[in-house]
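A.B. asks: Under the numbering used here, the first residue of the sequence shown carries the number 7, and numbering increases by one thereafter.
Please find one structure pasted underneath; my questions will follow.
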Amino acid sequence: MVVARGAPDVVVVGGGVIGLCCAWRLAARGRSVTLCDPAPTAGASWVAAGMLAPVTEVQHGEEELLRLTLAAARRWPSFADELESASGGPVGWRPTGTLLVAVDADDRRWAQALHRFQRSLGLAVEWLTPRQARQLEPALAPALSGAIWAPEDHQVDNRQLLAALRRAVEQARVEVRADAVVSLQATGGAVSGVTTADGTAIGASHVVLCAGWQSGAIEGLPAGLAPPVRPVKGQILRLVPADGSSVVLERTVRAFVASSHVYLVPRATGEVVVGATMEEMGPDTTPTAGGVHELLRDALAVVPALRELVVAEVAAGLRPGSPDNAPLIGPAPGGFGVDGLVIATGHYRNGLLLAPLTADAVVAAVEGEPPVPEVLPFAAERFAAERFAAERSRGDSGSAGAVRTPGGPGAAGSEGGPGAAGSGPGGPTLAGASSRGARGSAPGASRTEPRPST
Ligand SMILES: Cc1cc2nc3c(=O)[nH]c(=O)nc-3n(C[C@H](O)[C@H](O)[C@H](O)COP(=O)(O)OP(=O)(O)OC[C@H]3O[C@@H](n4cnc5c(N)ncnc54)[C@H](O)[C@@H]3O)c2cc1C
Numbered sequence: 007m008v009v010a011r012g013a014p015d016v017v018v019v020g021g022g023v024i025g026l027c028c029a030w031r032l033a034a035r036g037r038s039v040t041l042c043d044p045a046p047t048a049g050a051s052w053v054a055a056g057m058l059a060p061v062t063e064v065q066h067g068e069e070e071l072l073r074l075t076l077a078a079a080r081r082w083p084s085f086a087d088e089l090e091s092a093s094g095g096p097v098g099w100r101p102t103g104t105l106l107v108a109v110d111a112d113d114r115r116w117a118q119a120l121h122r123f124q125r126s127l128g129l130a131v132e133w134l135t136p137r138q139a140r141q142l143e144p145a146l147a148p149a150l151s152g153a154i155w156a157p158e159d160h161q162v163d164n165r166q167l168l169a170a171l172r173r174a175v176e177q178a179r180v181e182v183r184a185d186a187v188v189s190l191q192a193t194g195g196a197v198s199g200v201t202t203a204d205g206t207a208i209g210a211s212h213v214v215l216c217a218g219w220q221s222g223a224i225e226g227l228p229a230g231l232a233p234p235v236r237p238v239k240g241q242i243l244r245l246v247p248a249d250g251s252s253v254v255l256e257r258t259v260r261a262f263v264a265s266s267h268v269y270l271v272p273r274a275t276g277e278v279v280v281g282a283t284m285e286e287m288g289p290d291t292t293p294t295a296g297g298v299h300e301l302l303r304d305a306l307a308v309v310p311a312l313r314e315l316v317v318a319e320v321a322a323g324l325r326p327g328s329p330d331n332a333p334l335i336g337p338a339p340g341g342f343g344v345d346g347l348v349i350a351t352g353h354y355r356n357g358l359l360l361a362p363l364t365a366d367a368v369v370a371a372v373e374g375e376p377p378v379p380e381v382l383p384f385a386a387e388r389f390a391a392e393r394f395a396a397e398r399s400r401g402d403s404g405s406a407g408a409v410r411t412p413g414g415p416g417a418a419g420s421e422g423g424p425g426a427a428g429s430g431p432g433g434p435t436l437a438g439a440s441s442r443g444a445r446g447s448a449p450g451a452s453r454t455e456p457r458p459s460t
């Protein structure tokens, strides 16, 4: 085994948007940081659309998650400013607002139900007639049945953001190692570092685990703490103007189209990001003809002028989904033998939105400061009890200190099926919209996911 020279204070495992934000913020607080990732920025964060959309994402039964996402959205303007100064370049945050449009009469009923729910929560939304919606976005199809205007749901260009974070961590002297972490080391009840795939041992008093959907697959994690995250595939398209400059849309447009759902996120350059499927397919990132067809069919129904754009990219990414589709953020509690471990994963559809707030919560955990209040319901150990029970029923000893190994109980993705999406108590939820929407998807695929999907 090789021992790395000059042990850092903190090892960050994973260089997606969450890991990079945490590394930058920790380094800005004077911590020496090493970030390990065999392919930094190449995960879900690269593929994503970049909506910062607490209002149009809200679901029945997810009011605590809404408090978290609203708190995250409030941080974005100052976070973007700070990152622009630190990185010396654009971050791509744009306060565009979001229009959620309904196409047919059924879509309108679901949109109205969502609008009533949003209003009951005191969210900033306004119901628009089709004409009012087209005044905001003239490229919308004539055949609309109504729209919700959410002026505070904005967007960030995820690729500009990642580039800015790469520059910022470099300037903050974070060491970026292109290597995977294979195991967590602990002695005397606390973490002591990690071992990487090339056999290097890196000592550290704190380890921040933010390896996206693979966060549960690190050896040495106590069984009850290995994040039960699974990959949720999302296919997405990037369309660009043929002349390189025309702008079809100014604002993000989300739409219910004959019970299906699509979103269009326009960049300042004229690019339009069209997303996204929601598929429980395991770790598969192959784009399919069916996925592309459904996205384009719905996108063109809402904005026919997109027909003239060039398909610049078809991609699929893996959202890190947890059993309740909410993130796991916070320090490992005492009793697990890994004091100094901080978990930040399971951000599912909202990782871009939640990144600045997650980083603040991680810094507070590492520095021993009071926690960010909105993250408290999302403690990393909230699935521990059920996981111990599951392990016991499989005949394992299941003590708090029991350590998992890859492929054992609790391996990443073992949660398998869809989480509790849209299963909130009664009322008109978007779950109904989805159940109307099954249209010959591939096995496991679901544009029929019971919610607007980011
Ligand atoms: C199609 C699609 C659209 C989306 N749209 C939006 C949106 O509009 N708004 C929004 O807020 N969110 C959106 N999301 C969700 C968002 O992309 C994720 O929540 C977010 O990117 C998660 O960030 P992450 O850093 O946890 O994971 P990732 O970006 O996946 O990064 C994880 C990193 O960990 C690394 N890693 C894995 N294992 C190891 C290991 N053992 N050692 C070291 N490194 C390791 C990987 O190489 C990877 O770079 C979307 C996702 C998809 C797929």
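We put the CB at the ideal spot given by N, CA and C, even for glycine.
1. Please name the residue in ALA33, VAL368, VAL8 whose C-alpha comes closest to that of CYS216.
2. Between PRO233 and GLY222, how many whole angstroms is the CB-CB distance? I'm expecting something under 8 Å.
3. Shorter than 8 Å, the distance from the beta carbon of LEU32 to the closest heavy atom of ligand 1, or not?
4. From this set, MET7, ASP15, VAL8, which residue's C-alpha is nearest VAL348's C-alpha?
5. For ALA318, which residues from the same chain have a beta carbon less than 6 Å from its beta carbon, with the 5 sequence-adjacent residues on both sides left out?
6. Would you list, in sequence order, the uninterrupted beta strand (DSSP E) runs of no fewer than 3 residues that lie entirely inside the stretch 290-373?
7. Rounded to a whole number of angstroms, what is the C-alpha to C-alpha distance between ALA45 and LEU171?
8. Report the option in ALA48, VAL23, ALA34, GLY12 whose CA atom is closest to the CA atom of ALA370.
9. From which residue to which residue does the alpha helix (DSSP H) around VAL175 run?
10. Suppose the cutoff is 8 Å on Cβ atoms and the five residues either side in sequence are ignored; what does the same chain contact list for GLU90 look like?
11. So, with DSSP's three-state summary, where would you put VAL97?
12. Could you check whether the Cβ of TRP52 sits closer than 8 Å to any heavy atom belonging to ligand 1?
13. Please report the straight-line C-alpha distance between ARG303 and THR275, rounded to a whole angstrom.
14. Excluding five sequence neighbours on each side, which residues of the same chain lie with their C-beta closer than 8 Å to the C-beta of MET7?
15. Flag this pair as yes or no: are the beta carbons of VAL271 and LEU146 separated by less than 9 Å?
16. To which residues of the same chain is ALA156 closer than 6 Å at the C-beta, ignoring the five residues directly before and after it?
17. Rounded to the nearest angstrom, what separates VAL343 and LEU58 at their Cα positions?
18. Between the stretch 119-134 and the stretch 279-299, do three or more beta carbon pairs fall short of 8 Å?
C.D. replies: Reading off the structure:
1. VAL368
2. 5 Å
3. For ligand 1, no non-hydrogen atom lies closer than 8 Å to the CB of LEU32.
4. ASP15
5. ARG244, VAL246
6. Runs of the beta strand (DSSP E) inside the stretch 290-373: 316-327, 334-337, 347-351.
7. 15 Å
8. ALA34
9. 164-177
10. PRO96, VAL97, ALA170
11. coil
12. For ligand 1, at least one heavy atom lies less than 8 Å from the Cβ of TRP52.
13. Those two C-alpha atoms are separated by around 23 Å.
14. THR201, GLY205, THR206, ALA207
15. Against a cut-off of 9 Å, the Cβ pair of LEU146 and VAL271 comes out as no contact.
16. VAL61, THR62, THR104, VAL131
17. The amino acid occupying residue 343 in the given sequence is Gly; Val does not appear at that position. Those two C-alpha atoms are separated by around 36 Å.
18. No, the stretch 119-134 is not in contact with the stretch 279-299.
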